[in-house]
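**Student:** Numbered continuously in the working numbering, the sequence shown closes out at residue 213.
Quick reminder that beta carbons are idealized off the backbone N, C-alpha and C, glycines included.
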Amino acid sequence: MKSINRLLLPIFFLMLGLMLTSCQQDSAQQQFEAEAYGPAEGYTETDLQQNVLSQDKQDWRVSPYYEGLIRVLPLFPNPINYGGTAYLEMTLNGAPVQSYVELGYLNFNNRWIPLQQETVSSEFELVTFVIDSRNFGSSAELARGLHRLLLYDGNQRLITYGDIFIQ
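1) So what does DSSP say about glutamate 81, is it helix, strand or coil?
2) Could you pull the DSSP bridge partners for valine 176 from this structure?
3) Find the nearest neighbour of asparagine 124 within the set Asn155, Thr92, Leu152 and Glu148, judged by alpha-carbon distance.
4) Does serine 73 come out as helix, strand or coil in the three-state DSSP assignment?
5) Nearest to asparagine 181 by CA position, among His193, Val173 and Thr174, is which residue?
6) Quick check on the burial criterion: 16 or more other C-beta atoms within 10 angstroms. Buried or exposed for cysteine 69?
7) Need the endpoints of the alpha helix (DSSP H) that leucine 94 sits in, please.
8) Return the first residue and the last residue of the alpha helix (DSSP H) that leucine 115 is part of.
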């Protein structure tokens with residue numbers, strides 16, 4: 047009986063440790079998502095060559111679920127003029143993304159506006175999103191300002207978020 051207990055005790059603690067780690071990751075993901083749905087404040091300023099001129103520490107962090115599996119470079123250029131185009135690059139490094147990723151934003155009515163959906167065919171892939179500033183409003187006056195972009199996987203799991211400033 048003692049030998050069975052000696053075998054079961056380490057297995058029990060291993061399972062308990064795995065469950066606690068999973069709960070912590072879920073909690074971290076929930077915290078990350080709560081921050082993403084907050085108001086847009088500041089933005090990472092970049093030029094056409096992808097150089098970061100000033101950084102908003104909240105922008106373009108990768109969610110705990112995908113940490114180490116996805117790399118996201120800051121949106122560039124940022125800010126952009128109305129009629130201009132910005133780019134967002136994401137590199138998959140073994141990430142188990144489900145079939146596609148979708149970039150979009152919540153408009154002033156808190157309604158989801160998709161900007162671009164990309165099919166993902168490999169766990170190792172470079173995905174580039176092309177963001178047209180005209181998607182944020184039919185005129186410069188309507189589009190002008192700070193907008194929060196959100197990037198989701200095919201299971202509606204948040205990957206990253208950041209802000210774009212349209213002048």
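**Tutor:** Answer, in terms of the structure:
1) The residue given as residue 81 occupies position 35 in the sequence shown. Three-state result, glutamate 81: helix.
2) As a first step, residue 176 is located in the sequence shown; it is residue number 130 there, counting from the start. Looking at the DSSP assignment, valine 176 forms a beta bridge with Tyr133.
3) For the purposes of this step, residue 124 is taken as residue 78 along the sequence shown, with counting starting at 1. Checking every option, the nearest Cα to that of asparagine 124 belongs to Thr92.
4) Numbered from its first residue, the sequence shown carries residue 73 at position 27. Here serine 73 carries a helix assignment [DSSP, helix/strand/coil].
5) The residue labelled residue 181 in the question sits at position 135 within the sequence shown. Nearest C-alpha to asparagine 181: His193.
6) Here residue 69 refers to the residue found at position 23 of the sequence shown. For cysteine 69, the predicted model reports a pLDDT of 48, less than 50, meaning its position is unreliable and no value from the coordinates is stated.
7) Your numbering for residue 94 matches position 48 in the sequence shown. Note, leucine 94: premise wrong, no alpha helix (DSSP H); not H, not E.
8) Here residue 115 corresponds to residue number 69 of the sequence shown, with the count starting at 1. If you look at leucine 115, you'll find it isn't in any alpha helix (DSSP H); DSSP assigns it neither H nor E.
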